[in-house]
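So the protein lines, in turn, are chains A and B. Those letters in the first sequence? Residues 1 to 499, by full-length UniProt numbering. Those letters in the second sequence? Residues 1 to 103, by full-length UniProt numbering. Notes to accompany the following structure.
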Amino acid sequence: MSFSGCQHLQAFKAAHGTQSYRIIHKYFIAALSTEARLRKARSCVCHTCKTTTVRLHSCLHCVYFGCYGANHIQEHAASKNHTLAVDLVFGAVYCFACGDYIYDGELEGIAGENGKSFEDSIGLDGCWVPTDVELQLLHQNPKRRKISDNSTIGLRGLINLGNTCFMNCIVQALTHTPLLRDYFLSDKHNCQMINESERCLVCEMCRLFQEFYSGVRTPHIPYRLLHLVWTHARHLAGYEQQDAHEFLIAALDLLHRHCKGNNGLSSSNPHHCNCIIDQIFTGGLQSDVTCKECNNVSTTIDPFWDISLDLGPPPGGDARNSLYGNGDEPSSLMECLRRFTRPEHLGSSAKIKCGKCHSYQESTKQLTMKKLPVVACFHLKRFEHSTGYHKKISTFIPFPEELDMTPFMSSSRSHNNGYQTQVVQEAASSLSSQNKYSLFAVVNHLGTIESGHYTNYIRLHKNQWYKCDDHMITKASLDSVLRSEGYLLFYHKQILEYE
Amino acid sequence: MADLQERRLKDAQMRASISQKLVETGERERLKELLRTRLIECGWRDQLKAYCKDVVKQKGLEHITVDDLVAEITPRGRAMVPDNVKKELLHRIRTFLAQQSNM
Ligand SMILES: [Zn+2]
Ligand SMILES: [Zn+2]
Ligand SMILES: [Zn+2]
Ligand SMILES: [Zn+2]
Ligand SMILES: [Zn+2]
Ligand SMILES: [Zn+2]
Chain A
1 MSFSGCQHLQ AFKAAHGTQS YRIIHKYFIA ALSTEARLRK ARSCVCHTCK
51 TTTVRLHSCL HCVYFGCYGA NHIQEHAASK NHTLAVDLVF GAVYCFACGD
101 YIYDGELEGI AGENGKSFED SIGLDGCWVP TDVELQLLHQ NPKRRKISDN
151 STIGLRGLIN LGNTCFMNCI VQALTHTPLL RDYFLSDKHN CQMINESERC
201 LVCEMCRLFQ EFYSGVRTPH IPYRLLHLVW THARHLAGYE QQDAHEFLIA
251 ALDLLHRHCK GNNGLSSSNP HHCNCIIDQI FTGGLQSDVT CKECNNVSTT
301 IDPFWDISLD LGPPPGGDAR NSLYGNGDEP SSLMECLRRF TRPEHLGSSA
351 KIKCGKCHSY QESTKQLTMK KLPVVACFHL KRFEHSTGYH KKISTFIPFP
401 EELDMTPFMS SSRSHNNGYQ TQVVQEAASS LSSQNKYSLF AVVNHLGTIE
451 SGHYTNYIRL HKNQWYKCDD HMITKASLDS VLRSEGYLLF YHKQILEYE
Chain B
1 MADLQERRLK DAQMRASISQ KLVETGERER LKELLRTRLI ECGWRDQLKA
51 YCKDVVKQKG LEHITVDDLV AEITPRGRAM VPDNVKKELL HRIRTFLAQQ
101 SNM
């Protein structure tokens with residue numbers, strides 16, 4: 001097969017040049033402007049049967065549009081003796097004399113250029129396609145790796161640098177977050193810290209991902225990361241054991257801040273930031289405060305990166321308990337979430353000024369999920385720090401492998417006077433597969449509040465689990481994951497909606 | 001009978017206006033890109049490519065046209081698209097249409 005087309009195309013190019021291909025491609029295949037797209041939408045129909053589907057082609061000689069499926073372009077070619085046509089989806093050229101699509105380097109080049117600017121014009125990154133030279137280089141690289149279904153690439157232990165297991169377990173969870181991995185391994189970070197990229201945590205994460213997926217088996221020593229965290233988040237510095245949850249939030253915040261610059265505003269993201277961290281971790285929490293006097297509801301929506309869930313008995317008196325029904329300590333993740341989203345009396349000591357009554361009134365407050373994040377992190381508040389005492393709650397809290405967040409959505413919110421709007425419920429349940437999550441990482445805390453140790457479980461591929469204990473990685477069963485004393489639970493959405 | 005015909009006509013009109021909206025906004029290309037990514041991620045592309053290679057080898061490079069190849073692989077290609085990919089696309093299209101209030 002040659003890359004210079006067939007003799008018919010060569011003859012055509014010699015007589016008419018490439019101008020007609022260029023124009024057809026620019027206006028009807030890679031329509032660059034809104035106007036061009038409007039024109040494309042209106043005019044891309046078969047001139048004979050008026051349908052838009054089944055492989056529309058344009059005659060290269062006279063710009064007749066005909067479909068391939070119902071033979072209209074073929075009939076045109078035969079009756080007018082116009083041998084060449086362009087496929088209006090892919091831009092490939094068909095020669096009716098040869099009876100097949102033909103490759104022509106020059107035309108492919110034109111299509112490539114147009115295609116690139118088109119992707120830019122509608123905000124697509126496009127996927128990276130290796131050039132011939134790059135392909136050759138790849139094949140020559142002796143370290144080239146092919147990933148199979150049972151590959152354990154990505155598994156790597158981390159050396160403990162003195163009570164740094166709180167960091168190691170979060171690093172393991174982050175490096176096995178599917179979308180984050182895709183982002184870093186496709187090298188999408190454009191460093192904004194010019195001349196000091198060694199201070200950029202995002203760059204350090206890039207290096208870390210390279211280390212994890214390099215295929216090397218010896219434990220990695222994350223001293224650069226630790227140093228960076230110490231310099232940027234002073235409260236985590238020192239050799240004492242720190243809280244893994246605190247580290248997670250600090251790391252997300254630093255990554256978000258170091259992404260700055262190419263952060264565009266995003267209207268649909270409650271955090272109004274479209275950096276990779278916000279795209280993956282940010283959800284929106286709706287808070288409805290209802291005045292007990294006039295039932296006026298005031299609603300606010302706040303961004304969140306994680307959800308902290310209370311364990312133990314609810315504080316305060318019976319007033320709060322009565323709303324919760326069974327009044328006891330939550331005994332599963334679902335119960336924690338139910339407790340989190342239940343209406344709560346704010347009591348007489350916490351009166352709020354009602355916008356309708358224009359006076360301070362008692363009210364109830366309810367939190368619900370307005371927008372679900374792609375990755376949901378749940379923090380089970382096992383550590384209690386009250387005045388005078390610190391205590392750890394070691395109760396086993398079961399959590400599922402698959403989680404449906406539908407009951408906790410704002411759209412399923414129970415109505416003020418107790419009944420649920422049926423229409424809303426039905427609509428919510430029909431859409432519920434959108435709100436389903438799968439577990440992919442769990443962070444565990446072993447021991448007491450004074451002397452403890454963090455380990456974690458991560459999922460590889462669809463269903464293989466591994467336990468990470470600093471430098472040691474061992475295979476684990478799903479059962480042992482689900483029976484563990486979870487501290488941080490990481491779930492990702494089953495159905496992704498990209499912006 | 002008349003009812004059925006009327007419905008067919010309405011469906012066709014609806015399909016045409018949806019496809020026009022998808023092209024006008026560039027959403028169609030975004031969907032295509034998403035689909036492409038998903039099909040690569042789930043191994044669909046590699047599997048189909050391997051199958052294409054087999055077909056070409058079997059028939060001989062000189063004797064096969066793109067049309068032959070398309071006819072040969074289309075049924076298998078369609079059947080191999082995972083359900084959750086279809087669902088995701090459908091969901092995206094629904095969301096898109098819901099945003100287009102002027103339809
Ligand atoms: Zn023609
Ligand atoms: Zn036609
Ligand atoms: Zn030819
Ligand atoms: Zn950087
Ligand atoms: Zn951000
Ligand atoms: Zn009021």
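Built from N, CA and C at the ideal position, the CB exists for glycine as well.
Asked	Found
Simplified DSSP state of A:Val45, which is helix, strand or coil	coil
7 Å Cβ cutoff, B:Thr74 in contact with chain A	no
8 Å contact criterion, which A:Leu208 and A:Leu225 should meet: CB distance rounded	6 Å
A:His47 vs A:Tyr64 beta-carbon contact at 7 Å	yes
Completely contained alpha helix (DSSP H) runs for the UniProt domain "UBP-type" (4 to 121) of chain A, where each covers 4 or more residues	7 to 16, 19 to 24, 34 to 43, 72 to 80, 105 to 121
Where B:Gly60 meets chain E, residues with beta-carbon distance less than 8 Å	The structure shown contains no chain E; its protein chains are A and B.
Own chain, CB closer than 7 Å to A:Tyr213, minus 5 neighbours either side, in chain order	Ile153, Gly154, Leu185
Within 7 Å, strictly: CB atoms of A:His379 and A:Asp306	yes
Residue interval of the alpha helix (DSSP H) (run including A:His227)	223 to 232
Neighbour-count burial assignment, A:His390, 16 or more Cβ in a 10 Å radius	exposed
A:Ile73 beta carbon less than 7 Å from that of A:Ala92	no
Cβ neighbours of A:Gln242 in the same chain (closer than 7 Å, five flanking residues each side left out)	Phe166, Leu236
Per-residue DSSP class, three states only, for B:Thr25	helix
DSSP three-state assignment for A:His461, whether helix, strand or coil	coil
C-beta atoms of A:Pro343 and A:Gln366 nearer than 7 Å	yes
A:His492 CB to nearest heavy atom of ligand 5 below 6 Å	no
Beta-carbon proximity of A:Asn456 to A:Gln172, cut-off 7 Å	yes
Residue-chain proximity (B:Ser19, chain A), Cβ-Cβ < 7 Å	yes
Residue-level contact to chain B via CB, A:Lys146, 7 Å cutoff	no
Cα-Cα separation, A:Trp230 to A:Thr164	12 Å
Near ligand 4: A:Cys191 beta-carbon under 6 Å from a heavy atom	yes
Residue range of the unbroken alpha helix (DSSP H) whose run includes B:Pro75	66 to 80
Alpha-carbon spacing of A:Glu246 relative to A:Ile170, whole angstroms	10 Å
A:Leu346 beta carbon less than 7 Å from that of A:Glu401	no
Range covered by the alpha helix (DSSP H) that runs through A:Asp253	244 to 258
Cα-Cα separation between A:Ala11 and B:Leu9, rounded to whole angstroms	44 Å
Rounded C-alpha distance that separates A:Gly99 from A:Glu108	19 Å
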